[in-house]
Structure formats: C-alpha cells, structure tokens
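*Asks:* Protein chains in written order, with our numbering: chain G, 98 to 278; chain A, -18 to 265.
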Amino acid sequence: MNTYVKNLFKFCLIVLLQVLILNKITLRWWAQPGGFPVFIPFVYPLFILLLPFETSVPALLILGFVTGISVDIFMNTAGMHACATVLLAYLRTNVLNALLPKNLSEYPNQSPGVKNMGWMPFLVYSGFLILLHHAMFFTLELWSLNNIGYLLLKIVASAVTSMLFIVAYLLLFTRQSSSRI
Amino acid sequence: MRNFILFVRRFFNLILFLGLEIVCIILIARTNSLQGTDIMSSANTVSGLMYKKQNDVVIYFGLRRMNDSLINENARLRQAMAIYHNLDTLKDTAVRRIVKTSDSTRVVQYNEYIYRTAKVVNNSVSSGNNYITINRGSADGIAKNMPVISSTGVVGRVVNVSAHFASVLSVLSVKQQLSAKLKDGTFSYITWDGDNPDVMVMKDVPQQIKIHMNDSVFTTSFSFFPSDILIGTVFKMKVNTKNNLRQLYLHPSTNFRNIQYVYVVENKMMAERVKLEDSTKKIK
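Right under this line is the structure:
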C-alpha cells in the first residue's frame, strides 16, 4: 500500500479513536471527591510520532497543525490541541536525531517504531514528547499558575495514562511478521 | 533582498513553527470571548453529525437509567398538576371539581416560560470550560443565551446555535458565574474552581445567616435562569479570614457525568426586561 494512503488511513483511525472513544472515558485514579484531577488520555499525538523518518520538518508542522485542529473542532478547544501538537511536531526531528545512532536519511521507507528502535529508545522518544505536549496543553487550558501543584499533577498523571494507552495501541496495531510498520 | 531570502530559507522551519503557533494563539484568544465560538465548535454540521451517529450507539447503554429519571420527572409533574388543578390526575375518570378563584384585584398572570426538551449528544466534565452539545438548534426555536436545566437542576446556557445543534456552556465553567440564593432569600454568587465536577463554591455569604448541612441553594430571578431551580446542596462551610464572609461548598444537584436529557427554557419576557433595564441605565 502507498505510504500516503496508509498514513491517511492511520490519521482517520487515530483521530476517530481519540474523538469517539477516548474522549468519552473520563478517568479518575481513585474515587473520593476532591482528591485527584479528572483527565482524558490523549493518544492522537501518536500519529505525528509514527510518521516516516524522512518526513521534512515543514510537512510535520503542517500535519501537526491539521491533526490538532481536527481534534480541536470536536472538543471545543479552538487551537489548544493544535498549539501543543505543532510544538511536538517541531521537536520530533531533534529528539530522533539525539536518540538514533545513524543519520535519519539512512532509514529509508521506515517509521519510528518498536521494531527498528527497540522498546527503550521508543518509550523515551514518545514519553518525552508526550510529556511536553501535555505540559503545553494543560498550561494553555488552565491559563494560570495559581495552583501549580495541581497543574503538575494533572500533566504527569495524564502523560502516564496516555503512555499506557499508546503502548496498548502499539501492541494491538504493530504487525508481527513484516519488518515494515 | 538577497540576504532576506537567504535568511528566510535558513530559518524556514522556525518561521513556519512560530507562524503556526501564532495562528493557534489567535484562535484561542478569539474564541475565549464567548461571542467568537462560531466556526470552531462542536455545533458545526460535520462534527455534530459524527457525534449524533456515535450517540445513536451509546444511548442504548443508558436507556434504563434514562427511563427512571423520566418516570421520576413525570411523577413530579403530575404531583404539581394535582396541586394546581385540584384534580387527581392518576385516575382515568375525570373528577369534575374545578376550584374557582375569585380575585378582586384581577392580577393577570402571563405564561412566562416555554420548556423545550433536548437530547445531549456530546458532553465533557474534564476541562476548564465544559461544553454540552444538544440536538436542537435554531430550527427548533433555540437561541443564544437561553438557560438550560435538567430534571434535577441547572445545567448551563446556550452559547452557540446552528440549524440543528446547539452548544451549551455548562455551569462547570471558570468563566461564568451564577447568581444564587439560599432558602431564606440571602443571595450571592456561585463559581467553579475548574478541577472537580462534584464541587461548586458559593462565595461571600454573611456569617450571621444560619446554614445547615444539606441546605439547598436555588437560582434567583436576577440571572437569566428562571428562579427557584435547584443548584445544589451544601456539604462544607469555611470562613474566609480576609473579609470574614463564609464560603459554602456545594454538591451540584445535576450529575454532569451522565446527563442525557435537558430542557431549554425560553423566557418570553426576557427581551422586554433587558430592553427596559438598558433604557433605565441610559437615563442615569
């Protein structure tokens, strides 16, 4: 299958998964009132994380913006998701360069994944970027630093939950036999 | 000129990144004022349609709970009817005894409110400003700023309307305050902290007012809501040491997590009232 068609399909799958299923799950870590903040796991940045290695930075930025805006339209948050996702898309190349032993152009036709990076580098790569994305998003959403402990708690708890969902996604949708994802 | 082009080519990525971030921030700033929610909202046709399809599936899981709440509501209405008309509405045979009120002052009461039911097709409780999308729009007579209530209490206010959907800003919002009163008539206002959908705060209540746990708090007719609609019940009190006024913590009576049906209230007298109040301000 063509890379463009495959990624378009993946875009639809991930955004619909986020919007129609995950947005309806309001998680709490324990149930007493006034205890832990409520939050939603965000999995849609995974689309940007899984784009092929050789995607250029402008293309990444535009795709990040489009992804963010499509989630924004569904969630009434005009621009907040887009803002966070564009930041994630901008830093993706730098993080990949820092983590991988070879130059990015030496991985033709491949996407970042558990197969060609290994579990640990991939978790560091996605965990770091997801944490940045959540920090940006929740700072924008709350828009005040009065309650900084609550903000940090919300960022860290949501990032950990999102990572759990991302690992679940990878285990479900990674093909075991072929070398290309 | 050549240097400028070279500069743009060298830093193209950074410039594009900053440009997109500025676009995002403009979008956020524009929609944070309540009037600007036209384009970017779940009331637009595409996302409204998607949410409707999703809701068609999900609604089956809540049918039983929904029926219970509808039955309770019906019971309450029948009870209210029986009080006003002195008729036993539970019996099929009509009781032909109508109470005539002979009123010498001839006070004419207008029917002030119209209630329209609507189904919730999208809902959130986890963000700072929570929006609810309902499946009625301007084609059904819904307009901006109409209050929305449920069978258990207040819900919010319509902020944006399309032909067949409307967005409601719920009272779980950091940017809207709500006028409220205790049962003895003391009025104050209610805010929400933005973190917990089970706690709302009523601020600045004088200390001499006697308040007990589980006292009810109602809406006032000063706001856009009809008066005497339940907001919540008190579960905690705290004295603010700065101004010696009390803060009451309320559990909202509406469960925003599983809200399924709401009533949009149209106040037929509102336009006249707003016009009068505006012209009074002008005289001053």
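Ideal Cβ placement from N, Cα and C applies to all residues, glycine included.
In this text, all values refer to a predicted model and were calculated from it rather than measured experimentally.
Is there a Cβ from chain A that is less than 8 Å from the Cβ of N173/G?
*Replies:* Mapped onto the first sequence, residue 173/G falls at position 76. Yes - at least one Cβ of chain A is within 8 Å of the one on N173/G.
*Asks:* Using 8 Å as the threshold, is the C-beta distance between G43/A and N239/A below it?
*Replies:* Taking the second sequence and counting its residues from 1, the one referred to as residue 43/A is at position 62. Taking the second sequence and counting its residues from 1, the one referred to as residue 239/A is at position 258. Their beta carbons are under 8 Å apart, which means G43/A touches N239/A by this criterion.
*Asks:* Got a sec: is the Cβ-Cβ distance from F162/G to anything in chain A below 8 Å?
*Replies:* On the first sequence, residue 162/G is found 65 positions in, with the first residue counted as 1. Yes, F162/G counts as interfacial toward chain A.
*Asks:* Going by the beta-carbon positions, is the gap between T182/G and G165/G smaller than 8 Å?
*Replies:* Here residue 182/G is taken as the residue at index 85 of the first sequence, counted from 1. Here residue 165/G is taken as the residue at index 68 of the first sequence, counted from 1. It is a contact, given that the beta carbons lie within the stated cut-off.
*Asks:* For N120/G, which of V154/G, F262/G and L160/G has the nearest alpha-carbon?
*Replies:* Taking the first sequence and counting its residues from 1, one reaches residue 120/G at position 23. Out of V154/G, F262/G and L160/G, F262/G has the C-alpha closest to the C-alpha of N120/G.
*Asks:* With DSSP as the reference, label T235/A as helix, strand or coil.
*Replies:* For this step, residue 235/A is matched to residue 254 along the second sequence. In the structure shown, T235/A sits in coil (DSSP, three-state: anything other than H, G, I, E or B).
*Asks:* Considering only residues of the same chain and omitting the five flanking positions on each side of A144/A, which have a CB-CB separation below 7 Å?
*Replies:* In the second sequence, residue 144/A corresponds to position 163, counting from 1. Excluding residues within five positions, the ones whose Cβ falls inside 7 Å are G118, S119 and A120.
*Asks:* Does the beta carbon of I240/A come closer than 8 Å to any beta carbon on chain G?
*Replies:* Taking the second sequence and counting its residues from 1, one reaches residue 240/A at position 259. Closer than 8 Å: no.
*Asks:* Check for me: the alpha helix (DSSP H) holding A254/G runs from which residue to which?
*Replies:* Against the first sequence, residue 254/G aligns to sequence position 157. Segment I245 to F270, the alpha helix (DSSP H) holding A254/G.
*Asks:* Provide the residue span of the alpha helix (DSSP H) that contains N191/G, from first to last.
*Replies:* On the first sequence, position 94 is the one that residue 191/G refers to. Segment M177 to L196, the alpha helix (DSSP H) holding N191/G.
*Asks:* Using DSSP with H/G/I as helix, E/B as strand and the rest coil, what is T222/A?
*Replies:* Within the second sequence, the letter at position 241 stands for residue 222/A. Reduced to three states, the DSSP call for T222/A is coil.
*Asks:* If we count the other Cβ atoms within 10 Å of its Cβ and call it buried at 16 or more, is F146/A buried or exposed?
*Replies:* For the purposes of this step, residue 146/A is identified with residue 165 of the second sequence, where counting begins at 1. Buried is the call here.
*Asks:* According to DSSP, what are the bridge partners of Y96/A?
*Replies:* Within the second sequence, the letter at position 115 stands for residue 96/A. According to DSSP, Y96/A bridges with V246/A.
*Asks:* Between Y112/A and chain G, is any beta-carbon pair separated by less than 8 Å?
*Replies:* What you label residue 112/A is simply residue 131 of the second sequence in a count that begins at 1. Answer yes: the Cβ-Cβ gap between Y112/A and chain G drops below 8 Å somewhere.
*Asks:* Determine the DSSP secondary structure at I122/G, reduced to helix, strand or coil.
*Replies:* Numbered from its first residue, the first sequence carries residue 122/G at position 25. Coil.
*Asks:* Just the Cα atoms here: how many angstroms apart are R254/A and L160/G?
*Replies:* Residue 254/A sits at position 273 when you count from the first residue of the second sequence. Residue 160/G sits at position 63 when you count from the first residue of the first sequence. Each residue's alpha carbon lies about 50 Å from the other.
*Asks:* Should Y101/G be labelled buried (16 or more other beta-carbon atoms within 10 Å of its own) or exposed?
*Replies:* Here residue 101/G refers to the residue found at position 4 when the first sequence is read from its first residue. It counts as exposed.
*Asks:* Quick one: residues in its chain with C-beta nearer than 8 Å to the C-beta of Y170/A, no 5 flanking neighbours on either side, listed in chain order?
*Replies:* Counted from its first residue, the second sequence places residue 170/A at position 189. Cβ neighbours of Y170/A beyond the five flanking positions: Q158, L159, S160, A161, M183, K184 and D185.
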